[in-house]
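Here is the structure we will look at.
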Amino acid sequence: MNAPRPPQMQHALPSYLEPAGVGPWGVFLQQVERATSALGELAYLVETLKRPKRILIVDVPIRMDDGAVAHFEGYRVQHNTSRGPGKGGVRFHQDVCLSEVMALAGWMSVKNAVIGVPFGGAKGGVRVDPRKLSERELEHLTRRYTSEIGIVIGPNKDIPAPDVNTNEKIMAWMMDTYSVMHGATSTAVVTGKPLALGGSRGRRDATGRGVFVCGRAAAAKIGLPIDGARVCIQGFGNVGNAAARCFRAAGAKVIALQTIEGSVHNPGGIDVIKLAAHQDARRPLAEFAGASMIPNEAFWEIESEFLIPAALEQQITAANAGRIRTRVLIEGANGPTTPEADDILSASGILVVPDVIANAGGVTVSYFEWVQDLSSYFWTEDEVNGRLDKIMNDAFSTLWEAASAAKVTLRTAAFTVACRRMLEARHLRGLYP
Ligand code: NAD
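Take a look at the structure:
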């Protein structure tokens, strides 16, 4: 193999990112750097992970209900495709920016390599607050965005899925738009679709279920019982809600929850099924009778056995990490913990189960959905869940052993395992031309 490049040959930040505003991508770079010393001879290729393979930025113009034309920024980033087609969700959020989508794409590459599914990493997003759009505007935005990124996606190229503020309905519109563009129904172009359109049983709860499976595996390693355990969760959407139900079913109690509306606490346990119904009825969190509102800052200080950030990135920073009192932090969200916070948590003896394994249940069942679509043969929910649990438990054991052997955190072990797998694939494929 070639010798590592001397430092003067290494590339700096790409010119399209402001160093001051490097944001989540800077976190991803630091995480790769922490794993680099363990890459051995493959380290000569590590620079390929520090820049995305392909970035597409699109203008998404739509006609609003009042007749005006509005423009939205859209992105699709393919970070690495050495191990297979790109795979990763699409986020609709008012704060979506290039750095964020780049980081999310990088985390998808790592995640897919950690769990061993044959995908690279990608991510997409539109900078929009979807709550301000009507149903018609949302559909037009989704369809125009899909047609704009249509040149880089496809069942063998890059397969989008839901993420924050996108769901089955949006995946159905994306699948239909792509199919219309190609003159043939193409179910395998997106995952997270409704069952009636080639979706997979078990997909809806898969990420939250995976959070639980990883949390249970981590707890077993440190002799922490789930029955009676106290759980705090930030985010009560797709991931947080499903994780809450799984922990509850295993005998744990969810004692605090934080959403965009604020934080609630009930030391006796919050009835998460009732809270979900309350939320579905579009009633304000503050009116939920089964818990008391507390200040958002106080949420992070509540003593628990499990803390699950399942909202957005960079929620646990040097500013609040020192106040966290939990045993196991399971990252349901992508990138919720900064590297500085990671060091503080590690020094406090808190076990962090990193996002790249903890929330990989969603992409694992997305992989099952893609396989089922391509073979037009569908599995039962028990088959899906059984295979999901096995993949997650096996991947967790591999990381646990790697972390113990190298005396590093689970995150650094995950990045080391994943970077080796990606770079081995790149080394074997060789560099074109
Ligand atoms: P969602 O839109 O269904 O729910 C997001 C939740 O976070 C909501 O309850 C919202 O109120 C809360 N939230 C938003 N902003 C907040 C803030 N500033 N403070 C507190 N709470 C806030 O999203 P989701 O699909 O559950 O995704 C949540 C996280 O999990 C994201 O980081 C996403 O990338 C990650 N993730 C999702 C999946 C999936 O399958 N949906 C898979 C892997 C990772």
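Letter 406 of the sequence shown, counting from 1, is numbered 667 in the numbering used here, and no numbers are missing. Here a beta-carbon is modelled for each residue, glycine too, at the ideal position from N, C-alpha and C. Model, not experiment: these values are computed from the prediction.
Item                                                                                                                                                                : Value
With distance defined between alpha-carbon atoms, name the residue in A538, P423, D634, P597 nearest to A457.                                                       : D634
Run the CB neighbour count on V362, radius 10 Å, all protein chains shown included, and call it buried at 16 or more, exposed below.                                : buried
Name, in chain order, the residues that DSSP records as bridge partners for N646.                                                                                   : Answer by DSSP bridge pairing: none, since N646 is not bridged.
Which residue from A580, S636, G381, V613 puts its Cα closest to that of R588?                                                                                      : V613
In chain order, what residues of the same chain lie with their CB nearer than 7 Å to the CB of C475, ignoring the 5 residues before and after it?                   : I591, V614, I618, A619, M653, F657
Can you tell me which of Q292, G529, F560, R337 puts its alpha carbon nearest to the alpha carbon of L671?                                                          : Q292
Tell me, to the nearest whole angstrom, how far the beta carbon of V330 is from that of C680; I am working on the premise that it is less than 8 Å.                 : Not quite, the Cβ-Cβ distance comes to about 44 Å (not below 8 Å), so this is no contact.
Nearest by alpha-carbon distance to V319: which of P280, H340, T407 is it?                                                                                          : T407
Which residue marks the beginning of the alpha helix (DSSP H) containing Y406, and which one marks its end?                                                         : 396 to 410
In angstroms with no decimal places, state the Cα-to-Cα distance between N428 and R324.                                                                             : 22 Å
Hey, which unbroken runs of the beta strand (DSSP E) at 3 residues or more fall wholly within the segment 510 to 558?                                               : 514 to 520, 523 to 526, 553 to 555
Comparing alpha-carbon positions, which option in V624, P280, M683 lies nearest K348?                                                                               : V624
Please indicate yes or no: does the CB of L573 lie closer than 7 Å to some heavy atom of the ligand NAD?                                                            : yes
Exposed or buried, L546, counting other C-beta atoms within 10 Å across all chains shown (16 or more means buried)?                                                 : buried
Determine the extent of the alpha helix (DSSP H) in which D634 is found, giving its start and end residues.                                                         : 622 to 636
Identify every residue that forms a DSSP beta bridge with C358.                                                                                                     : In the DSSP output, where bridge partners are listed per residue, C358 has none listed.
Three or more beta-carbon pairs under 8 Å between the segment 457 to 471 and the segment 523 to 534, yes or no?                                                     : no
For L696, count neighbouring Cβ atoms within 10 angstroms of its own Cβ and tell me buried if that reaches 16, exposed if not.                                      : The question about residue 696 has no answer here: the residues shown for the chain are numbered 262 through 694.
Is any heavy atom in the ligand NAD found nearer than 7 Å to the beta carbon of V500?                                                                               : yes
Apart from the five residues on each side of it in sequence, which residues of its chain come closer than 8 Å, Cβ to Cβ, to P694?                                   : none
Taking buried to mean at least 16 other C-beta atoms within 10 Å of its own C-beta, is T641 buried or exposed?                                                      : exposed
Can you tell me whether E334 is helix, strand or coil according to DSSP?                                                                                            : strand
In chain order, what residues of the same chain lie with their CB nearer than 8 Å to the CB of G702, ignoring the 5 residues before and after it?                   : Only positions 262 to 694 of the chain appear in the structure, and residue 702 is not among them; the question remains open.
Taking the alpha-carbon of C507 as reference, which of A517, I534, Q495 has the nearest alpha-carbon?                                                               : I534
Within 7 Å: the Cβ of A594 and any heavy atom of the ligand NAD?                                                                                                    : yes
By a C-beta neighbour count over all protein chains shown, 10 Å radius and 16 as the cutoff for buried, is N263 buried or exposed?                                  : Its pLDDT being 48, under 50, N263 is placed unreliably in this model, and the value from its coordinates should be taken loosely. With fewer than 16 other Cβ atoms within 10 Å, it is exposed.
Which value, in whole angstroms, describes the spacing of the CA atoms of A674 and P421?                                                                            : 27 Å
With a threshold of 6 Å on Cβ separation, who are the neighbours of I431 within its own chain once the five nearest residues in sequence on each side are excluded? : T403
Closer than 8 Å by C-beta to P486: which residues in its own chain qualify, once you throw out the five before and the five after it? Chain order, please.          : A480
DSSP state of T446, grouped into three classes?                                                                                                                     : coil
Check whether the Cβ of T520 sits closer than 7 Å to any heavy atom of the ligand GTP, and report yes or no.                                                        : In the structure on display, the ligand GTP does not appear, and the ligands it does have are the ligand NAD.
Considering only the alpha carbon of each residue, which of E564, S440, A571, N341 lies closest to A503?                                                            : A571
Using a Cβ-Cβ cutoff of less than 6 Å, which residues in the same chain neighbour E601 once the five nearest sequence positions on both sides are dropped?          : A579
Give the DSSP-derived three-state secondary structure of G381 in the structure shown.                                                                               : coil
Out of N426, E400, Y439, which has the shortest C-alpha to C-alpha gap to K418?                                                                                     : Y439
What's the call for T446, buried or exposed, on a 16-neighbour Cβ count within 10 Å?                                                                                : exposed
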